[in-house]
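**Student:** Residue numbers (my numbering): 1320 to 1484.
Even glycine gets a Cβ: it sits at the ideal position worked out from N, Cα and C.
I'd like to ask some things about the structure below.
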């Protein structure tokens, strides 16, 4: 029902619906009952004739903002562990040091590839990875991903519709 409402809005030519559906689908750590694949609003938007560049950018921004819930969940969990333990556990200190070295590339790559990114967001927050670096890597990865999907759909949808006409 909710999925159909989003798709109806996108089909009506709403760029905002692409943004909103991308946001909600990426905030799945909070909304696991709303299974909207992140690529679906982008493909539907391009399929009905929306500008693929705008769809890709708005889908990337929406997806980036939605993924922040995972980061803040991990950050809160880390704070809870420290409060409970009265200190930072050794394993967490080691992980924080390791993650601070390669975190940017981990976030960037996993934001781009089809992977359940919530895990990376939670790990980034739990390791107290620098928020600005996290946000930059996430923005680049997700925006590139949605642009590739949008332009892929832009060029492939006409080809496939010609095959089936």
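Compare the C-alpha of residue 1467 against each of 1388, 1428, 1372 and 1427 and name the closest.
**Tutor:** 1372
**Student:** If you measure between the beta carbons of residue 1345 and residue 1385, is that distance less than 7 Å?
**Tutor:** A distance below 7 Å separates the beta carbons of residue 1345 and residue 1385.
**Student:** Compare the Cα-Cα distances from residue 1377 to each of 1469, 1327, 1347 and 1393 and report the closest residue.
**Tutor:** 1469
**Student:** Residue 1478 to residue 1392, Cα distance in whole Å?
**Tutor:** 42 Å
**Student:** Between residue 1461 and residue 1382, is the Cβ-Cβ spacing less than 7 Å?
**Tutor:** Against a cut-off of 7 Å, the Cβ pair of residue 1382 and residue 1461 comes out as a contact.
**Student:** Shorter than 6 Å, the distance from the beta carbon of residue 1411 to the closest heavy atom of the ligand HEM, or not?
**Tutor:** As presented, the structure is devoid of all ligands, the ligand HEM included, so that no description of it is given.
**Student:** Look up residue 1334 in the DSSP assignment and say whether it is helix, strand or coil.
**Tutor:** Secondary structure at residue 1334: helix, using DSSP grouped into helix, strand and coil.
**Student:** Residues in the same chain with beta-carbon distance under 6 Å from residue 1445, minus the five sequence neighbours each way, listed in chain order, please.
**Tutor:** If we look at residue 1445 and ignore the five residues flanking it on each side, its Cβ neighbours are 1393, 1396 and 1397.
**Student:** Which whole-angstrom value describes the C-beta separation of residue 1471 and residue 1448, a residue pair presumed to lie in contact below a C-beta threshold of 8 Å?
**Tutor:** Incorrect: roughly 30 Å between the Cβ atoms, too far for contact.
**Student:** May I have the straight-line CA-CA distance separating residue 1439 from residue 1456, to the nearest angstrom?
**Tutor:** 12 Å
**Student:** From residue 1388 to residue 1463, what distance separates their C-alpha atoms?
**Tutor:** 20 Å
**Student:** Skipping 5 residues on each side, what residues in its chain have a beta carbon closer than 6 Å to that of residue 1473?
**Tutor:** 1365 and 1371
**Student:** Figure out for me which residue from 1410, 1413 and 1358 has the closest Cα to the Cα of residue 1379.
**Tutor:** 1358
**Student:** Please classify residue 1360: is it buried, with 16 or more other beta-carbons within 10 angstroms of its beta-carbon, or exposed?
**Tutor:** buried
**Student:** Going by beta carbon distance, what residues of the same chain come within less than 7 Å of residue 1425, once the five residues before and after it are set aside?
**Tutor:** If the five residues before and after residue 1425 are omitted, its C-beta is found closer than 7 Å to the C-beta atoms of 1439, all from its own chain and listed in chain order.
**Student:** What do you get for residue 1340, buried or exposed, if any count of 16 or more other CB atoms within 10 angstroms of its CB means buried?
**Tutor:** buried
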